[in-house]
Every structure is written in structure tokens, then in C-alpha cells.
Amino acid sequence: DAGVTQSPTHLIKTRGQQVTLRCSPKSGHDTVSWYQQALGQGPQFIFQYYEEEERQRGNFPDRFSGHQFPNYSSELNVNALLLGDSALYLCASSLVLAGGPVQETQYFGPGTRLLVL
Amino acid sequence: KQEVTQIPAALSVPEGENLVLNCSFTDSAIYNLQWFRQDPGKGLTSLLLIQSSQREQTSGRLNASLDKSSGRSTLYIAASQPGDSATYLCAVSSPGANSKLTFGKGITLSVRP
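This is the structure we're talking about:
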């Protein structure tokens with residue numbers, strides 16, 4: 003049973019460019035959340051996708067957008083990259099019971115390390 | 044707004060010592076609390092999850108307790124080993140937040156042989 007997978011593992015971009023990160027959830031999970039973790043900080047919630055729609059969003063600008071596909075996999079897109087976007091981007095999957103809060107633990111992927119020069 | 048604090052930021056102990064990692068949160072109306080482990084440059088591994096109705100959870104040498112009324116949780120590690128060296132993160136999920144997790148900054152633990 004594959005856990006959460008993310009691609010690519012590392013990425014280097016320059017300021018102003020755009021980037022797309024990918025996530026495949028754990029088998030049986032239907033919800034994907036994205037987090038940004040700057041060096042020495044705890045992860046910060048970006049947004050969550052359920053049933054192909056953005057269900058909740060953290061305090062991130064519109065440059066950050068996402069998508070969820072019918073197979074529950076997800077993409078995170080960041081436009082007009084800034085130096086401050088350099089971070090580890092983590093994807094977490096979970097199973098929402100009857101549309102309510104998660105009852106079980108969330109499973110995190112290994113992350114994508116993004117460096118913006 | 045929920046805030047999670049973990050102090051100290053770093054801790055160094057000799058092998059074999061029992062230790063306690065602390066986590067505090069500002070809003071006691073949480074749905075659950077999780078402790079994660081993160082190795083350098085890696086993703087998060089869930090260690091223990093405590094539902095708001097529970098007081099503690101145990102897994103092997105790990106025991107996590109939750110006191111909602113005081114906004115505190117502790118992670119107890121028995122007989123620490125060098126392999127326990129990692130960053131330990133505490134995260135809370137609040138009702139109505141649809142499983143969004145609010146994290147502390149973590150405690151970096153070093154266990155000396």
C-alpha cells in the first residue's frame with residue numbers, strides 16, 4: 003500500500019517563474035492538504051481539496067492555487083515566484099467521514115524542496 | 044486564532060534518559076492533537092494522535108498526554124536512544140476547521156551516545 007507520494011523531490015526556479023508540484027494521496031484517502039514549511043518553522047496550512055474543490059484556505063496570496071483530480075491526486079501551483087517562497091512543500095492526505103472533521107491521523111508525503119533564486 | 048508553542052526549541056540529552064517534550068495551545072476548543080517526528084529534510088511521520096475526548100495515548104516508548112482545559116500536551120519518551128534524534132512537532136486540529144492543522148515550530152532533540 004503506497005503512502006503519500008510527491009514529485010519532484012527538489013526544484014530550483016528563478017524569481018518570477020511559475021512552478022507546479024504534484025501529490026498522490028494514500029490509497030483510500032479522498033482529501034489532500036498542502037503545507038509550506040520554511041526553514042526552522044512549523045508547517046503552515048496553504049489549502050485543502052475535497053471532492054475536487056478548495057474547501058479551506060490559509061493565509062496565502064492568490065499566487066498559490068491548486069487543483070484536485072477525479073483520482074484524488076492534487077497539484078499546487080505557484081505563480082510569480084518570490085525568494086520567500088523557498089521552502090519545503092508538504093502534502094498530506096486524509097479521509098473525511100461524512101463531510102465532517104477528520105477522525106484519523108493525516109499522512110504526510112516526503113515533501114518537495116523548492117529553492118527560488 | 045489558534046497558536047501552538049513548543050519550548051525549548053532544542054534539547055540535548057544523554058542516551059537512556061527519560062524526557063518530556065511540551066506543547067501548549069491558546070484555544071482549548073480542539074478536535075484532536077497530533078505529535079509528529081521530522082528527520083532533517085524529510086516529511087512528517089505521525090507518532091500519536093489524541094482525540095479531544097481522550098487524556099493520553101501510548102505507542103511503545105512514547106506516551107502523549109492531553110489537558111485541554113489548560114491547553115497543554117506532553118510527549119514522554121522513555122529510555123531515549125540516539126535514533127530518537129529528530130525534530131518533534133505538535134499540531135492541533137480545531138472543530139469546524141475541516142482537519143486543518145496548526146503546528147508549533149518544533150523541538151529539535153539530540154540524544155548523545
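Residue numbers (my numbering), protein chains in the order written: chain A, 3 to 119; chain B, 44 to 156.
From the three backbone atoms N, C-alpha and C, an ideal C-beta is built for every residue, glycine too.
As the structure is a computational prediction, the values presented were derived from the model and not from experiment.
Exercise. If you draw a straight line from the C-alpha of B:V63 to the C-alpha of B:G126, how long is it?
Worked result: Reading the second sequence from its first residue, position 20 is the one you call residue 63 of chain B. Reading the second sequence from its first residue, position 83 is the one you call residue 126 of chain B. For B:V63 and B:G126, the distance between alpha carbons rounds to 16 Å.
For this session: For B:E46, collect the residues of the same chain with a Cβ closer than 6 Å to its Cβ; drop the 5 residues on either side in sequence, then sort them by chain order.
Result: Walking along the second sequence from the start, residue 46 of chain B turns up at place 3. Cβ-Cβ distances below 6 Å link B:E46 to T69 in the same chain, with the five nearest sequence neighbours on each side left out; the list follows chain order.
Exercise. At a CB-CB cut-off below 9 Å, which residues of chain B make contact with A:G68?
Worked result: Walking along the first sequence from the start, residue 68 of chain A turns up at place 66. Chain-ordered listing is empty here: chain B has no CB closer than 9 Å to the CB of A:G68, the nearest sitting near 14 Å.
Exercise. Looking at the structure shown, is A:G68 part of a helix, part of a strand, or coil, going by DSSP?
Worked result: What you label residue 68 of chain A is simply residue 66 of the first sequence in a count that begins at 1. Strand.
For this session: Return the residue from the list B:A121, B:G114, B:L152 that minimises the CA-CA distance to B:I73.
Result: Locating residue 73 of chain B in the second sequence gives position 30, where the first residue counts as 1. Answer by Cα proximity: B:G114.
For this session: Give, in chain order, every unbroken run of the beta strand (DSSP E) that is at least 3 residues long and sits entirely within the stretch 12-85 of chain A.
Result: Listed in chain order, they are 12-15, 21-26, 33-39, 46-52, 55-59, 66-70, 76-80.
Exercise. Who are the near neighbours of A:G68 in its chain, counting only those whose CB is closer than 7 Å to its CB and skipping five residues on each side?
Worked result: Stepping through the first sequence from its first residue, residue 68 of chain A is reached at position 66. Same-chain partners within the cutoff: W36, F49, Y51, E56, S76, E77, L78, N79.
Exercise. What does A:G111 touch in chain D if you count any residue whose Cβ is under 7 Å from its own?
Worked result: Among the protein chains of the structure shown, namely A and B, there is no chain D.
Problem set entry | Residue-level contact to chain A via CB, B:V135, 9 Å cutoff | What you label residue 135 of chain B is simply residue 92 of the second sequence in a count that begins at 1. Among the CB atoms of chain A, none fall inside 9 Å of the CB of B:V135.
Problem set entry | A:L92 and A:V118 closer than 9 Å at C-beta | Taking the first sequence and counting its residues from 1, one reaches residue 92 of chain A at position 90. Taking the first sequence and counting its residues from 1, one reaches residue 118 of chain A at position 116. Not in contact: A:L92 and A:V118 (Cβ atoms no closer than 9 Å).
For this session: Please go through the same chain and pick out, in chain order, the residues whose beta-carbon is closer than 6 Å to the beta-carbon of B:L76, but skip the five residues on each side of it.
Result: In the second sequence, residue 76 of chain B corresponds to position 33, counting from 1. So the list reads I93, L109, S116, V135, once near-sequence residues are dropped.
For this session: List the residues that DSSP assigns as beta-bridge partners of B:N75.
Result: Position 32 of the second sequence, counted from the start, is the residue given in the question as residue 75 of chain B. According to DSSP, which records beta bridges pairwise, B:N75 is partnered with B:Q94, B:S136.
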